[in-house]
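If you use the numbering used here, the sequence shown corresponds to residues -15 to 197, in order.
For reference, the structure discussed in these notes is given below.
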Amino acid sequence: MTKISTQVLICPNCQTKTTFKKYDSINATLEPKLKEQLLTGELFTFTCPDCQTKATVLYDLLYTDVKQKLLIQYVADEKNLAQARQNISQALLAAHQLSDQDLLADGYEIRYTADPGALREKIMLRDEKIDDRIVELMKYILLTQQEIDYDQVLFERKAPGQLELVATKGDQIIANAPFSYDFYNELNKMFASHLKERPSNVDQTYARKFYTN
Ligand SMILES: [Zn+2]
């Protein structure tokens, strides 16, 4: 179900008051347009109706795609991650008599993140049928082999089927590493037997643990 709340925002440029729509939860299967707006960043962008000034507004958002069997809770403040995880589990049980384990058994992937880039990335990866655990391992290999001064590395899809990893610092792109499905499939084969766990936090911390264990 798509759930919306509102917040009054004051334009940082002209001080006009505007009501901003926040999508607390999105059902991407029923409303693919909202999914697109999430991927373009529109849902997290405030545009002043008077002076057109734009600003990023981050807020908690639960993304559900029944068709792709994907559930992602994004929280704007990392401190709220653990609580969000508990809330979702309880809500699932109360509304559908389902536990996290039931969902996993049904083929769902459940993710929690405090990174808006990761939210977008994980939605695209699921579309491309790519395992985000492999992508985090791929990033880890690349990053530990090269001395790049970066803030973040994220998966990008230039066009359907055109895959790459993009390293950024601030607004600047520092490096791109295109990769093919063949390369991904090779890695997948290599790691498959080691990827029994299905954690809900799949990031560089996960990858580091995987390699150091
Ligand atoms: Zn304005």
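All C-beta atoms, glycine included, are put in the ideal place defined by N, C-alpha and C.
Is Tyr58 buried or exposed, if buried means 16 or more other CB atoms sit within 10 Å of its CB?
Along the sequence shown, one-based indexing puts residue 58 at 74. So Tyr58 counts as buried.
If we call anything under 8 Å between Cβ atoms a contact, is Thr(-14) one with Glu15?
For the purposes of this step, residue -14 is identified with residue 2 of the sequence shown, where counting begins at 1. For the purposes of this step, residue 15 is identified with residue 31 of the sequence shown, where counting begins at 1. Taking 8 Å as the Cβ cut-off, Thr(-14) and Glu15 qualify as a contacting pair.
Measuring only the C-alpha atoms, how far is Thr152 from Gln81?
Locating residue 152 in the sequence shown gives position 168, counting from the first residue. Locating residue 81 in the sequence shown gives position 97, counting from the first residue. Those two C-alpha atoms are separated by around 42 Å.
Between which two residues does the alpha helix (DSSP H) containing Asn172 stretch?
Here residue 172 is taken as the residue at index 188 of the sequence shown, counted from 1. Unbroken alpha helix (DSSP H) run through Asn172: 165 to 175.
Which runs of the alpha helix (DSSP H) spanning at least 4 residues fall entirely within the region 85 to 131, listed in chain order?
Segments of the alpha helix (DSSP H) lying fully in the region 85 to 131: 100 to 111, 116 to 129.
Pair every Cβ in the region 178 to 193 with every Cβ in the region 156 to 167, then say whether three or more of these pairs are closer than 8 Å.
Flag = no, the region 178 to 193 and the region 156 to 167 do not touch.
Tyr195: buried (16+ other C-beta within 10 angstroms of its C-beta) or exposed?
As a working note, residue 195 is residue 211 in the sequence shown. Answer is exposed; the Cβ neighbour count stays below 16.
By the three-class DSSP mapping on this structure, what secondary structure does Val141 have?
In the sequence shown, counting from the first residue as 1, residue 141 sits at position 157. With the sequence shown as reference, residue 141 is identified as Arg, and Val is not the correct amino acid for it. Here Arg141 sits in strand by DSSP.
Would you call Glu131 buried or exposed, if buried means 16 or more other Cβ atoms sit within 10 Å of its Cβ?
Translated into the one-based positions of the sequence shown, residue 131 becomes position 147. With fewer than 16 Cβ atoms within 10 Å of its Cβ, Glu131 is classed as exposed.
Would you mind reading off the limits of the beta strand (DSSP E) that contains Tyr190?
For the purposes of this step, residue 190 is taken as residue 206 along the sequence shown, with counting starting at 1. Not the beta strand (DSSP E): Tyr190 falls in the alpha helix (DSSP H), residues 188 to 196.
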